[in-house]
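Trainee: Using the numbering used here, the first residue of the sequence shown is number 33, and each one after it goes up by one.
I'd like to ask some things about the structure below.
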Amino acid sequence: MIDALNKHLPLELNAHLIYAGQSAIFSYRGYTKLADYYKDSAKEELGHAQKVMKRIQQLGGWPDYVPDALPVKGQSKWSVRELFEANLATEQKVLDSLTKLIQAADEDEQDWETDNVLRTLVSDTEDDIQFYTAQLAQIEEIGLQNYLTAQL
Ligand SMILES: [Fe+2]
């Protein structure tokens with residue numbers, strides 16, 4: 033379980049780095065509502081990473097917190113739609129990882145406390161997926177310009 037949690041940890045840390053960076057990108061571009069949203073998201077992702085690290089320690093392990101791969105560079109030049117699509121893919125990857133971890137915790141280990149911790153992360157991750165899906169749908173419906181005007 034410790035190894036599996038350590039494999040998941042970089043996904044949460046990557047999400048934290050990505051959202052902290054995107055908050056700065058949106059702030060720089062003047063989209064203050066999105067900048068604020070991402071500031072909160074970055075905090076939330078750090079909280080997820082901290083929960084995973086705490087659980088690893090509770091199980092007697094050490095968190096391996098150095099990410100395998102850093103987030104893709106150059107996002108400051110990406111369009112809002114590209115950022116949302118990338119974030120949606122990131123969160124779906126996180127959800128897949130959580131689903132597999134929960135299955136391992138339940139079926140292989142009967143580790144109900146790890147199951148419990150991971151399910152709180154699932155709920156937030158599903159909210160994030162819903163958020164990006166909704167933003168992309170709004171852009172499709174009202175057009176990018178109208179969408180961005182609402183984010184100023
Ligand atoms: Fe997360």
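C-beta: ideal position from N, C-alpha, C; glycine also.
Whole-angstrom Cβ separation of Ile-171 and Gln-107, contact assumed at under 8 Å?
Mentor: At roughly 18 Å, the Cβ-Cβ gap does not stay under 8 Å, so Ile-171 and Gln-107 are not in contact.
Trainee: Taking the beta carbon of Gln-177 as the centre, do at least 16 other beta carbons fall within 10 Å, making it buried, or is it exposed?
Mentor: Exposed.
Trainee: Evaluate Thr-131 with the Cβ neighbour count: other Cβ atoms within 10 Å of its Cβ, from every protein chain shown; 16 or more gives buried, anything less gives exposed.
Mentor: Per the 10 Å Cβ criterion, exposed.
Trainee: Measuring alpha carbon to alpha carbon, tell me which residue in Asp-143, Tyr-63, Ala-81, Asp-138 is nearest Leu-49.
Mentor: That would be Ala-81, whose Cα lies nearest to the Cα of Leu-49.
Trainee: To the nearest angstrom, report how far apart Ala-129 and Ile-34 are at their CA atoms.
Mentor: Here the sequence assigns Ser to residue 129, which means Ala is not the residue at that position. Each residue's Cα considered, the two are about 14 Å apart.
Trainee: Nearer than 7 Å: is that true of the beta carbon of His-40 relative to any heavy atom of ligand 1?
Mentor: Because no heavy atom of ligand 1 lies under 7 Å away, the Cβ of His-40 does not count as near it: no.
Trainee: With respect to 7 Å, is the separation between the Cβ of Ala-47 and the closest non-hydrogen atom of ligand 1 below this value?
Mentor: Yes.
Trainee: Within 7 Å: the Cβ of Val-126 and any heavy atom of ligand 1?
Mentor: Yes.
Trainee: What do you reckon, are the CB atoms on Lys-65 and Gln-183 nearer than 8 Å?
Mentor: Yes, the pair counts as a contact, with Cβ atoms nearer than the cut-off.
Trainee: Quick one: is Gln-90 buried, meaning 16 or more other Cβ sit within 10 Å of its Cβ, or exposed?
Mentor: That one is exposed.
Trainee: Glu-117: beta carbon under 7 Å from a heavy atom of ligand 1?
Mentor: The answer is no for Glu-117.
Trainee: Consult DSSP for Val-104 and reduce its assignment to one of helix, strand or coil.
Mentor: The answer is coil: DSSP assigns Val-104 none of H, G, I, E or B.
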